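Take a look at the structure:
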């Protein structure tokens with residue numbers, strides 16, 4: 286593709302993503318991030334940390350802020366979760382903490398203690414926040430909007446890249462279609478569209494694609510064969526007692542079986 290005809294300025298430059306690959310794939314050629322849907326307690330996240338480290342996984346989901354469609358559902362511990370994250374960071378320095386943020390205030394409250402900031406599906410168009418992450422070169426997981434085209438998704442990544450950010454990875458989490466048997470429809474072909482235009486790494490979130498635990502192994506296998514670079518997986522000490530997304534979180538035993546399946 287001729288650069289002059291390409292509306293993208295950065296995503297096709299392979300050398301731009303050297304920093305991203307070095308950061309997200311330090312331990313393996315497959316990125317695996319795991320943890321509960323939301324941070325609920327110190328005991329919960331510390332148990333998860335022990336599980337991940339014992340299985341040589343360095344990236345932990347730890348979300349004090351949880352945006353929900355239902356205003357009456359659990360919205361996360363909010364600022365009460367920040368001291369827990371600080372303790373987590375101190376006790377397990379080898380872990381890299383992933384936290385979702387959807388405002389600049391939340392970013393500043395977690396800056397310095399969170400290693401990777403996730404931009405969720407509802408906020409893929411939050412240009413100011415994405416630009417702020419780019420300006421700081423803060424590691425970023427940018428999820429695809431549930432009604433976004435691949436082109437719109439890539440353009441959102443350009444807002445990060447244009448401000449100097451280089452540690453970015455895209456996450457396919459399914460899109461909204463008329464199908465209701467699963468939570469979202471997995472657009473497995475999105476990796477082909479991204480690869481035609483970019484060298485940016487792309488992972489999937491099978492937990493949010495399916496909305497249930499059954500099928501996670503098959504979807505993950507299909508994604509890796511298709512060329513995706515990794516996975517975000519939800520796991521919880523006792524999923525049935527989880528305060529959000531009970532049905533899609535693996536038990537610790539299921540998670541260990543899943544890792545054996547991947548191997």
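In the numbering used here, the protein residues as written are 286 to 548. Glycine included, C-beta positions come from ideal geometry on N, C-alpha and C. Just so it is clear, the structure is predicted and the values come from calculations on it, not from any experiment.
- In the structure shown, the three-state DSSP call for residue 460 is strand.
- Going by C-alpha positions, residue 417 is about 20 Å away from residue 352.
- Assigned with DSSP and collapsed to three states, residue 407 falls in helix.
- Fewer than three pairs of CB atoms, one per stretch, sit closer than 8 Å, so the segment 482 to 490 makes no contact with the segment 333 to 349.
- Under the three-state reduction of DSSP output, residue 418 falls in the helix class.
- The beta carbon of residue 457 lies closer than 6 Å to those of 429, 475 and 489 in the same chain, with the five residues before and after it left out.
- Our two residues, residue 361 and residue 355, have alpha carbons roughly 13 Å apart in a direct line.
- The count of Cβ pairs closer than 8 Å, one atom from the segment 400 to 410 and one from the segment 433 to 448, reaches three, so the stretches are in contact.
- Under the DSSP assignment, residue 435 falls in the alpha helix (DSSP H) whose first and last residues are 435 to 447.
- The three-state secondary structure of residue 487, taken from DSSP, is strand.
- DSSP links residue 455 through a beta bridge to 427 and 487.
- DSSP, read as helix, strand or coil, puts residue 316 in strand.
- With at least 16 other beta carbons inside 10 angstroms of its own, residue 543 counts as buried.
- Using a Cβ-Cβ distance cut-off of 8 Å, the segment 310 to 324 and the segment 523 to 533 are in contact, since at least three pairs of beta carbons, one from each stretch, lie closer than that value.
- Exclusion of the five residues before and after residue 432 leaves 460 and 461 as the residues of its chain whose Cβ lies within less than 8 Å of its Cβ.
- For the alpha helix (DSSP H) assignment, the uninterrupted runs of no fewer than 4 residues enclosed by the segment 363 to 412 are, from N- to C-terminal side, 367 to 376 and 389 to 395.
- Taking 7 Å as the cut-off, the Cβ atoms of residue 520 and residue 546 do not count as close.
- In the three-state DSSP reduction, residue 516 falls in the strand class (E or B).
- Annotation: the continuous beta strand (DSSP E) that includes residue 344 extends over 344 to 346.
- In this structure, residue 317 sits near residue 515, with a CB-CB distance shorter than 7 Å.
- Take the alpha-carbon of residue 384 and the one of residue 347: they are about 5 Å apart.
- Taking 7 Å as the cut-off, the Cβ atoms of residue 370 and residue 398 count as close.
- Look at residue 358 here: in three-state DSSP terms it is coil, with no helix or strand label.
- Closest in C-alpha terms to residue 487, from the list 374, 466, 473 and 498, comes 473.
- The bridge partners DSSP lists for residue 535 are 520.
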